[in-house]
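This report concerns only the one structure given below.
2 protein chains.
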Amino acid sequence: MLPAMLKSITSADATRRRGRDTREEILSCAEALWQGRGYNGFSYHHIAIQLGIRNAAIHYHFPSKENLGVALIQRYRARFAEWFVEVRKIELAWQRLHRYFDLYLDYLNAECRVCPSGILGAEFQAIPEEMRAEAKLLMGEIYDWLIETLNLGRQQGSLKFIGNAEDKAVEIGASLQGGLQIARVAGAERLHQLLAQMSLELFGENAAAVAQAA
Amino acid sequence: MLPAMLKSITSADATRRRGRDTREEILSCAEALWQGRGYNGFSYHHIAIQLGIRNAAIHYHFPSKENLGVALIQRYRARFAEWFVEVRKIELAWQRLHRYFDLYLDYLNAECRVCPSGILGAEFQAIPEEMRAEAKLLMGEIYDWLIETLNLGRQQGSLKFIGNAEDKAVEIGASLQGGLQIARVAGAERLHQLLAQMSLELFGENAAAVAQAA
DNA sequence: GTCTATATCCGGATAGAC
DNA sequence: GTCTATCCGGATATAGAC
Chain A
54 MLPAMLKSIT SADATRRRGR DTREEILSCA EALWQGRGYN GFSYHHIAIQ LGIRNAAIHY
114 HFPSKENLGV ALIQRYRARF AEWFVEVRKI ELAWQRLHRY FDLYLDYLNA ECRVCPSGIL
174 GAEFQAIPEE MRAEAKLLMG EIYDWLIETL NLGRQQGSLK FIGNAEDKAV EIGASLQGGL
234 QIARVAGAER LHQLLAQMSL ELFGENAAAV AQAA
Chain B
54 MLPAMLKSIT SADATRRRGR DTREEILSCA EALWQGRGYN GFSYHHIAIQ LGIRNAAIHY
114 HFPSKENLGV ALIQRYRARF AEWFVEVRKI ELAWQRLHRY FDLYLDYLNA ECRVCPSGIL
174 GAEFQAIPEE MRAEAKLLMG EIYDWLIETL NLGRQQGSLK FIGNAEDKAV EIGASLQGGL
234 QIARVAGAER LHQLLAQMSL ELFGENAAAV AQAA
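In structure tokens form, the structure reads like this:
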């Protein structure tokens, strides 16, 4: 599922683009820029250069930048929904959560991106209203999934934690989000430290298996 | 120490500004904008309006925006250094850490700002080189203080955690940073949930005292 | 659906008067 | 130390040809 969660545009060949899905390419390119530099840190020009098209071509697909921003979050939410379906096929909650950890390693490895939730939180007061609404929906969906996973894990005995699942869900989501941001400044090692600590606390006897895999 | 850590400009009266320290006012105003909207989310014009001065006056004090950005982080680091000195006078490590938690509540209450570390991490690829260097220093200082505090707490028995202090320090820093960002999108309650969970895990028998204070 | 060309605005920055 | 005036580049966006 990872390739689906992290589809970036790989050196778009500017030469032949015979009527192909430019819209998707724009979104993928914009997504990378967005997670790398923030919504206020990239422009249509950046995208145009990378895809070898003109400014106006992007405006054809996304009349305003707000349209593009909203589309970015909506596509991401849709992909996340598919990811949830996929991961729910895994029986053990600790393994589901481990899959979630993997996403953050992928972000780190993919040009040191931050997670969409993180960039949305950081720039919240500086993004258009419609994007804020989408941001709330995204965070709600992740929150719900974390709660579900934690409750399952407690029931199975595959996840260890004290307190209620709701509060623990916030802690886990916040840690990963913050850890990824710290890692891009202070070095990749920080994220590895975070994941090691979280595994130690949450996975109990399974933590050793995780450690050797990494 | 909180007033020192969070000095914002309160409705600068544009009328009489008889030779007063404009430089500091600019920094305080810019700091609020920075933590609210990000480095790429505010302009000299925003500051000029709020302080009732002209664009050029800001350029007199800070020739380039990069100068201003660097000064913001340096001033913040200096204030943090003072804060560290102050907090080290507290004997119990769990109370020191609790003071650190309080900072995040203050940020949330102050127009829903995010912490400097968080905005720096999120925008890292879209800020000038000199600011990145300052960002690394800031994060290193916080990281070191957290490790010191955790080691003290373990020695005293006033903080509970498993694993090594270095990894736990990353986890704590990341949680708070991420939690604040989540709270501004999903509501203040999220930060309260996070702090409750962290108190429960770290403070042990002292957690109850914290809970009733909140 | 993509192009060229252009309009408009905004943000960072400088010159020179006071 | 702050002002007015202005320059320049960049970013969003539109018009109309192909």
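Quick note, the sequences are listed as chains A and B, same order.
One rule links them: number in the numbering used here = place in the first sequence (from 1) + 53.
One rule links them: number in the numbering used here = place in the second sequence (from 1) + 53.
Where a beta carbon is used, it is the ideal one built from N, C-alpha and C, also for glycine.
The model shown is predicted, which means the values in this text are computed figures rather than measured ones.
| Item | Value |
| --- | --- |
| Per-residue burial, I225(B) [other beta carbons within 10 Å of its own, 16 or more giving buried] | buried |
| R141(B) to Q208(B) span [Cα, whole Å] | 15 Å |
| Proximity below 8 Å, CB of E164(A) to CB of V123(A) | no |
| Whether L255(A) touches Y157(A) by CB criterion (8 Å) | no |
| Local conformation of E224(B) per DSSP, three classes | helix |
| CB contact check: S96(A) to chain B, cutoff 8 Å | no |
| Neighbour-count burial assignment, P116(B), 16 or more Cβ in a 10 Å radius | exposed |
| Backbone secondary structure at K142(A) - three-state DSSP | coil |
| Within-8 Å CB hit, V263(B) to chain A | no |
| Contact list for G193(B) against chain A, beta-carbon separation under 8 Å | A239 |
| Chain-ordered residues of the region 158 to 185 of chain A with a beta carbon less than 8 Å from chain B | C165, V167, S170, G171, I172, L173, G174, A175, E176, F177, Q178, A179, R185 |
| Contact with chain A by L247(B), beta-carbon distance below 8 Å | yes |
| Proximal residues, the region 203 to 215 of chain B versus chain A, C-beta separation under 8 Å | I215 |
| Buried/exposed call for L190(B), threshold 16 Cβ in 10 Å | exposed |
| Delimiting residues of the alpha helix (DSSP H) encompassing G216(B) | No alpha helix (DSSP H) contains G216(B), which DSSP labels as neither H nor E. |
| Contact between the region 194 to 204 of chain B and the region 130 to 150 of chain B (3+ Cβ pairs under 8 Å) | yes |
| Alpha-carbon to alpha-carbon, A262(A) and W87(B) | 43 Å |
| Meets three-Cβ-pair contact criterion under 8 Å: the region 168 to 179 of chain A and the region 90 to 110 of chain A | yes |
| Interface positions of the region 72 to 95 of chain A facing chain B (Cβ-Cβ less than 7 Å), listed along the chain | G89, R90, G91, N93, G94 |
| Amino acids of chain B, ordered along the chain, whose beta-carbon sits closer than 8 Å to that of M58(A) | In chain order: nothing, as chain B lies at least about 19 Å away. |
| Residue-chain proximity (A67(B), chain A), Cβ-Cβ < 8 Å | Residue confidence is low: A67(B) scores 39 on pLDDT, short of 50, so the model does not pin down where it sits. Its coordinate-derived value is still stated next. With 8 Å as the cut-off, A67(B) does not count as an interface residue toward chain A. |
| Contact under 8 Å by Cβ, L150(A) with A236(A) | no |
| Neighbourhood of G257(A) by C-beta, 6 Å cutoff - its chain only, sequence neighbours within 5 removed | K213 |
| For R185(A), the nearest candidate out of C82(A), E119(A), D155(A), Q148(A) (CA to CA) | E119(A) |
| Bounding residues of the alpha helix (DSSP H) (the contiguous stretch that carries F256(A)) | 242 to 256 |
| Backbone CA spacing between I215(B) and S170(B) [nearest angstrom] | 25 Å |
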